[in-house]
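Undergrad: This is the structure I have questions about; it appears just below.
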Amino acid sequence: MNDRSGPGGTLLETERLRLRPWRVEEAAIHRELWTERDPRVPAHRRIDADGRPSLADLENWIRWAARTSGDGLGLPALERKSEGDVIGYCGLVEGGPGAYALDPERPGPEIAFELLRRAQGRGYATEAALAVEQWAREARIERLHATVWAWNAPSLRVLGKLGFVTTRTLTSEGGHGDMLVTTKVLRPLTT
1 MNDRSGPGGT LLETERLRLR PWRVEEAAIH RELWTERDPR VPAHRRIDAD GRPSLADLEN
61 WIRWAARTSG DGLGLPALER KSEGDVIGYC GLVEGGPGAY ALDPERPGPE IAFELLRRAQ
121 GRGYATEAAL AVEQWAREAR IERLHATVWA WNAPSLRVLG KLGFVTTRTL TSEGGHGDML
181 VTTKVLRPLT T
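No gaps in the numbering here: position 151 of the sequence shown is 151 in the UniProt record's numbering, and each next residue is one more.
Structure, rendered in structure tokens:
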């Protein structure tokens, strides 16, 4: 991620939040997100039996993300301004299963967010996602999508508040439940 918007590498800012690049010393917070994930989440998105990803793995990921971020938003750290603590992430990633289910020719970006349990239920995800959506509009992105497990009621509530609609259901073969593909058109699609 480039330092495009202000001091300290701030990418986006809201009334209560700052979205900025992850710092290597915050790898433990990123790992805490992994440890808190619901057991219904596929194994490759949870800490494995060998303890991977380890703290060192996530430190390396942060270094890699800093070197390869380009002009996209990526998944910046979500920092509360008043407390100065990181509580998760919110941003855009390219592709993903939902994108190709929507339109294999033009997959487009996926909005993704995840907050530590202690920060959930306070409107932070909605606030951050609205800032990311505004960034996408200014970047002239035509639509956003999000994939979410059908059992993930809190994330579905956030997406509903943002005006995302379910456009497709992908049936999981791994016993994790159905995955919903949700979409929001930001501006008329061009052909």
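Glycine included, every Cβ here is placed at the ideal spot set by N, Cα and C.
Remember, predicted model here, so these are calculated numbers, not experimental data.
To which residues of the same chain is R117 closer than 6 Å at the C-beta, ignoring the five residues directly before and after it?
TA: Closer than 6 Å at the Cβ level, and outside the excluded window around R117, lie E36.
Undergrad: What did DSSP end up calling I62 once you bin it into helix, strand or coil?
TA: Reduced to three states, the DSSP call for I62 is helix.
Undergrad: Skipping 5 residues on each side, what residues in its chain have a beta carbon closer than 8 Å to that of H176?
TA: Excluding sequence neighbours, H176 sits near R40, V41, P42, W149.
Undergrad: Measure how close the beta-carbons of W135 and L12 come, nearest whole angstrom, since I'm counting them as under 8 Å.
TA: Confirmed, Cβ separation roughly 6 Å.
Undergrad: So, R143 versus T183, is the Cβ gap smaller than 8 Å?
TA: Taking 8 Å as the Cβ cut-off, R143 and T183 qualify as a contacting pair.
Undergrad: Whose C-beta lies closer than 7 Å to the C-beta of L159 among residues of the same chain, with five residues either side of it excluded?
TA: These residues qualify, in order along the chain: A146, V148, T182.
Undergrad: Where does P156 sit, in a helix, a strand or coil, going by DSSP?
TA: According to the sequence shown, residue 156 is Leu rather than Pro. The answer is helix: DSSP assigns L156 an H, G or I state.
Undergrad: Give the DSSP-derived three-state secondary structure of E127 in the structure shown.
TA: Looking at E127 - three-state DSSP - the assignment turns out to be helix.
Undergrad: Which stretch, first to last residue, makes up the beta strand (DSSP E) that contains T167?
TA: Looking at the DSSP string, the run of the beta strand (DSSP E) that includes T167 is 165–170.
Undergrad: Excluding sequence positions up to five away, which residues of its chain have a Cβ less than 6 Å from the Cβ of E59?
TA: Only V24, A27 meet the Cβ criterion.
Undergrad: On the premise that I111 lies in contact with L92, defined as a C-beta separation below 8 Å, what is that separation, rounded to the nearest angstrom?
TA: Their Cβ separation, rounded to whole angstroms, is 6 Å, which keeps L92 and I111 in contact under 8 Å.
Undergrad: Terminal residues of the continuous beta strand (DSSP E) containing A77?
TA: Unbroken beta strand (DSSP E) run through A77: 77–80.
Undergrad: Can you give the Cα-Cα distance for D57 and I87, rounded to whole angstroms?
TA: About 19 Å.
Undergrad: For G163 and L17, what's the separation of their Cα atoms in angstroms?
TA: One C-alpha to the other measures close to 21 Å.
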